[in-house]
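Undergrad: Quick one: structure below, then a few questions.
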Amino acid sequence: MKLLEFEAKDIFKKHGIPVPEGKVVKSPDELYLHMDDFADEVVVKSQVDVGGRGKAGGIIVTKKADVVATATHLFKTPIKGLTAKTLLVEEKLPIEHEYYVSITIDRATRQPMILFAETGGVDIEETARTNPGALRRASFSPLLTEVPGYQMRHLLGSAPRELGPVINALYHAFCASDALLAEINPLVTTTRGVYAADAKLIVDDNALKRQGITVNRDLTPREREAEENGFSYVELDGTIGVIGNGAGLTMSTLDLITHYNGRPANFLDVGGGAGRERVMKAVRLVGGMPGVRVIIVNLLGGITRCDEVARGIIEAGIDQHVITRLAGTNEEEGKAILAKYGYQMLDTMEEVVRAAVEEAEA
Amino acid sequence: MIYGDKSTGVIVQGATGNQGAFHISLMNEYARSVGGRGVVAGVTPGKGGQTVHGVPVYDSVREAAEEHDCTTSVLFVPGFAAGDSIMEAASAGLDLVVAITEGIPVHDTMKALAFAQMEGCCVIGPNCPGTLSPGELKLGIMPPQLAMPGNVGVISRSGTLTYEVVNELTRAGIGQSTIVGIGGDPIIGQTFVDVLERFEQDPQTKAVVLIGEVGGNLEEEGAASTTLPIVGYVAGVSAPPEKRMGHAGAIIEGGEGDARSKISRLTSMGVPVAGKPSEIPALVRELL
Chain A
27 MKLLEFEAKD IFKKHGIPVP EGKVVKSPDE LYLHMDDFAD EVVVKSQVDV GGRGKAGGII
87 VTKKADVVAT ATHLFKTPIK GLTAKTLLVE EKLPIEHEYY VSITIDRATR QPMILFAETG
147 GVDIEETART NPGALRRASF SPLLTEVPGY QMRHLLGSAP RELGPVINAL YHAFCASDAL
207 LAEINPLVTT TRGVYAADAK LIVDDNALKR QGITVNRDLT PREREAEENG FSYVELDGTI
267 GVIGNGAGLT MSTLDLITHY NGRPANFLDV GGGAGRERVM KAVRLVGGMP GVRVIIVNLL
327 GGITRCDEVA RGIIEAGIDQ HVITRLAGTN EEEGKAILAK YGYQMLDTME EVVRAAVEEA
387 EA
Chain B
11 MIYGDKSTGV IVQGATGNQG AFHISLMNEY ARSVGGRGVV AGVTPGKGGQ TVHGVPVYDS
71 VREAAEEHDC TTSVLFVPGF AAGDSIMEAA SAGLDLVVAI TEGIPVHDTM KALAFAQMEG
131 CCVIGPNCPG TLSPGELKLG IMPPQLAMPG NVGVISRSGT LTYEVVNELT RAGIGQSTIV
191 GIGGDPIIGQ TFVDVLERFE QDPQTKAVVL IGEVGGNLEE EGAASTTLPI VGYVAGVSAP
251 PEKRMGHAGA IIEGGEGDAR SKISRLTSMG VPVAGKPSEI PALVRELL
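In order, the protein sequence lines correspond to chains A and B.
When we follow this note's numbering, the leftmost residue of the first sequence carries the number 27, and every step to the right adds one.
When we follow this note's numbering, the leftmost residue of the second sequence carries the number 11, and every step to the right adds one.
Right under this line is the structure:
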């Protein structure tokens, strides 16, 4: 789950990373409480979860006298389609130079990987494309608790040594918050020292619970409902609903739909050992999506029992046509149950998909 | 038979949980049918002294390993504790851990794998169905009735898709040497490269089916690392960027790891790539 800038900055601060003085407000009126704390010039930052926020008009430098007007404007202005519920109002830093630093987990080396560039700021992606050499990388054993000195020297090159402790602190924050990404862009030097001018933190969904995070805000309401039921679910915008067991098989079903020029409406993996009730909920969830004209249930029963799946489909009692392919454990019972209610059953993934595409496009 | 055979002694960590107990019985049923040793002991901290389907349970891997001749562990421990369990098995001197568990925080996996490597312990998974050498050994949750012995290796990041492909191979009369599910997480122990290295040393394996999916570039690395003939299949051509398709690792990030570019890179290496699972047997037959 992606944290908002002010949440990430709170965590960074706890790990000793200097961040600008700032206030978080939920309405323009709240700013009157903080007027004494603001300097003559401030930065008002929309707390929305989008990339390229500055270029999209979500970050405005303004005079203290205009801060309420600016905030009022930002609360009303959607940034790339998202409207902020919170604003962060910060002191404007006397910036000397901007750097870039991020930490991710590298799949290939199975290690944390730090990226550092001596030119930071909004154009870092452009820099990465046009001048990949400007980004220096370092990875090291995850069993180490500090960035090794030789790696730090490699990263920093001719950049000021005082950035080192901040990068180490970022590594501590990265580990302690189960992050998939921890980024400071820009990391700035000023006449008063080093600051994280912006902050980005993505927390591993598998670790939300132990991080004390109860709601995954990255999800749509339907995705949240799916999560509560233990389904893996992704919304797409086609006409054919898809329910499968196992991520690979379900993804492969989607691909086959695309192969035959159909459009999948979703990805839903019911997981292993789904019983009647879970299947019923899955069918209703997909049936409730706008635009779904037909639903495919593609299940290879191992732990999952086909007769339970069949009962779940019937109990769901939805309007759309459900076409099934059931194979494996208790296949015969499952098919017998569905046959009694006149459900269409086909033997292979191929046949189910072709039938569904034909119906959806008709 | 690249990870063990009939003589392999297996322990199960998380033996007294629903999944653990159920799969002890299935693994031992299979071991009996092929004349293997199967699961000789279980481990659940605090539950030592119990038995599960006739298998004695111990409080720690070390105790189990002292009492029984075993080299391999299959892990059904819940996500939050699984990283620790991998390290426990590695430090007790086991050679192989098959981590079935899904939902392990990736920092835990990363640390546990680094530790296991130091201890010389090989890890398959996490978030995987395990491995099956038809007629010899089943470590994990693969349904053996779809498989038959033969000379084609199968490596996959996904569980049920593997069953689908194995089913297609068997129906076409093509048997399998060993089937390995390496897992769907972004950080995994055995990669395509590691498994292919073992297949290359295995006299039984003549060709390999490599089943990949969106995310990362482990498939391409694997294909580039071996001289064995390979057939590829990549799931996820319809996957949108930045959305996790079920597996934690199946996500197209920063423009990297999408299925079409994966397929075109594999094709440019001379690897035939099936457009759908049902095309795999014919492509395999051309290589044998």
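The C-beta atom is built at its ideal place from N, Cα and C for all residues, glycine as well.
What did DSSP end up calling LYS16 of chain B once you bin it into helix, strand or coil?
TA: The answer is coil: DSSP assigns LYS16 of chain B none of H, G, I, E or B.
Undergrad: Hey, would you say ILE189 of chain B sits closer than 8 Å to VAL224 of chain B, going by beta carbons?
TA: Going by C-beta atoms, ILE189 of chain B is not nearer than 8 Å to VAL224 of chain B.
Undergrad: Which residues in chain B sit within 9 Å of VAL260 of chain A, going by Cβ to Cβ distance?
TA: Chain B residues near VAL260 of chain A: ALA249, PRO250, LYS253, ARG254, MET255 and GLY256.
Undergrad: Compare the Cα-Cα distances from VAL335 of chain A to each of A:ALA362, A:GLY314 and A:GLY317 and report the closest residue.
TA: The option with the nearest alpha carbon to VAL335 of chain A is A:ALA362.
Undergrad: Using a Cβ-Cβ cut-off of less than 8 Å, give me the residues of the stretch 225-241 of chain A that come near chain B, in sequence order.
TA: Those would be ASP230, ASP231, ASN232, ALA233, LYS235 and ARG236, in chain order.
Undergrad: Let me confirm a value: GLY256 of chain B is counted as buried when at least 16 other C-beta atoms fall within 10 Å, else exposed. Which label applies?
TA: Flag for GLY256 of chain B reads buried.
Undergrad: Answer yes or no: do VAL53 of chain B and GLN60 of chain B have a C-beta to C-beta separation smaller than 8 Å?
TA: No, the pair does not count as a contact, with Cβ atoms beyond the cut-off.
Undergrad: Can you name the residues that DSSP bridges to VAL268 of chain A?
TA: According to DSSP, VAL268 of chain A bridges with A:ILE322.
Undergrad: So, for LEU156 of chain B: in the same chain, excluding its five sequence neighbours on each side, which residues have a beta-carbon less than 8 Å away from its beta-carbon?
TA: Contacts found: TYR173, VAL176, ASN177 and THR180.
Undergrad: Under the assumption that GLY213 of chain A contacts LEU189 of chain A (Cβ atoms under 8 Å), give the Cβ distance between them as a whole number of angstroms.
TA: For clarity, residue 213 of chain A is Leu in the given sequence; the question names Gly instead. About 7 Å; that satisfies the 8 Å criterion.
Undergrad: If you drop the 5 nearest sequence neighbours on each side, which residues of the same chain put their C-beta closer than 7 Å to that of GLU261 of chain A?
TA: Excluding positions up to five away in sequence, the list reads THR246, ARG248, GLU249 and ASN292.
Undergrad: Between the C-alpha atoms of GLU122 of chain A and ASN194 of chain A, what's the straight-line distance to the nearest angstrom?
TA: Distance between the alpha carbons of GLU122 of chain A and ASN194 of chain A: 22 Å.
Undergrad: When you compare each of A:ARG337, A:VAL229 and A:GLY328 to ARG302 of chain A by their alpha carbons, which one comes out closest?
TA: ARG302 of chain A has its Cα closest to that of A:ARG337, out of A:ARG337, A:VAL229 and A:GLY328.
Undergrad: Do you know how far the Cα of GLY274 of chain A is from the Cα of ILE273 of chain B?
TA: The straight-line gap from Cα to Cα measures roughly 16 Å.
Undergrad: Could you have a look at GLU122 of chain A and say whether DSSP puts it in helix, strand or coil?
TA: Note: GLU122 of chain A maps to strand in three-state DSSP.
Undergrad: Excluding the five sequence neighbours on either side, which residues of its own chain have a C-beta within less than 7 Å of the C-beta of THR215 of chain A, listed in chain order?
TA: Excluding residues within five positions, the ones whose Cβ falls inside 7 Å are GLU122, HIS123 and PRO186.
Undergrad: Counting only C-beta atoms, is ARG136 of chain A closer than 8 Å to chain B at any point?
TA: Output row for ARG136 of chain A: interface = yes.
Undergrad: Is the CB-CB distance between ILE21 of chain B and ALA41 of chain B below 8 Å?
TA: No, Cβ-Cβ distance for ILE21 of chain B and ALA41 of chain B is not below 8 Å.
Undergrad: What are the residues that DSSP puts in a beta bridge with HIS347 of chain A?
TA: Partner(s): A:VAL320.
Undergrad: Hey, out of B:GLY56, B:ALA234, B:TYR13 and B:THR141, whose CA is closest to THR81 of chain B's CA?
TA: For the residues B:GLY56, B:ALA234, B:TYR13 and B:THR141, the minimum Cα distance to THR81 of chain B belongs to B:TYR13.
Undergrad: How do the stretch 78-88 of chain A and the stretch 170-184 of chain A stand: do at least 3 beta-carbon pairs fall below 8 Å, yes or no?
TA: The stretch 78-88 of chain A vs the stretch 170-184 of chain A: no contact.
Undergrad: Strictly below 7 Å CB to CB, what residues from chain A border ILE114 of chain B?
TA: Near ILE114 of chain B (Cβ distances below 7 Å), the residues of chain A are ASN232.
Undergrad: Suppose only complete runs of 4+ residues qualify. What are the alpha helix (DSSP H) ranges in the stretch 161-229 of chain A, listed by chain order?
TA: The stretch 161-229 of chain A contains these whole alpha helix (DSSP H) runs: 175-182 and 189-202.
Undergrad: Residues of chain A with CB under 7 Å from GLU223 of chain B, in chain order?
TA: The contacting residues are GLY274 and MET277.
Undergrad: Could you compute how far the alpha carbon of SER70 of chain B sits from the alpha carbon of GLY93 of chain B?
TA: Taking the straight line joining both Cα atoms gives about 15 Å.
Undergrad: Run through the stretch 201-241 of chain B for me and flag every whole alpha helix (DSSP H) of 4 or more residues, listed as ranges in chain order.
TA: Correct list: 202-211 and 228-235.
Undergrad: With 16 other CB atoms within 10 Å as the buried threshold, where does ALA74 of chain B fall?
TA: ALA74 of chain B should be labelled buried.
Undergrad: Under 8 Å, do VAL70 of chain A and VAL45 of chain A count as touching if we go by C-beta distance?
TA: No, the pair does not count as a contact, with Cβ atoms beyond the cut-off.
Undergrad: I think ALA126 of chain B touches ILE96 of chain B, with their Cβ atoms under 8 Å apart; what is that distance to the nearest whole Å?
TA: With 8 Å as the limit, ALA126 of chain B and ILE96 of chain B qualify as a contact, their Cβ atoms being about 6 Å apart.
Undergrad: Which residues, in order along the stretch 246-260 of chain A, keep a beta-carbon less than 7 Å from a beta-carbon of chain B?
TA: The stretch 246-260 of chain A vs chain B, Cβ under 7 Å: SER258 and VAL260.
Undergrad: Determine, for GLU376 of chain A, whether the minimum Cβ-Cβ distance to residues of chain B falls below 8 Å.
TA: Chain B contact via Cβ: present.
Undergrad: Report the residue from A:GLU358, A:GLU385 and A:GLU116 whose alpha carbon sits nearest the alpha carbon of ASP373 of chain A.
TA: Per the Cα distances, A:GLU358.
Undergrad: Three Cβ pairs or more, each shorter than 8 Å: is that satisfied between the stretch 163-170 of chain B and the stretch 200-213 of chain B?
TA: Yes: at least three Cβ pairs fall under 8 Å.
Undergrad: Select from the stretch 318-337 of chain A all residues with a C-beta closer than 8 Å to any C-beta belonging to chain B, and list them in chain order.
TA: Per Cβ criterion, the list reads LEU326, GLY328 and ILE329.
Undergrad: Closer than 8 Å, Cβ to Cβ, to anything on chain B: give me those residues from the stretch 280-291 of chain A, in chain order.
TA: Here the close residues are LEU280, ASP281, LEU282, ILE283, THR284, HIS285 and PRO290.
Undergrad: By how many angstroms is the C-alpha of ALA110 of chain A removed from the C-alpha of ALA143 of chain A?
TA: Distance between the alpha carbons of ALA143 of chain A and ALA110 of chain A: 30 Å.
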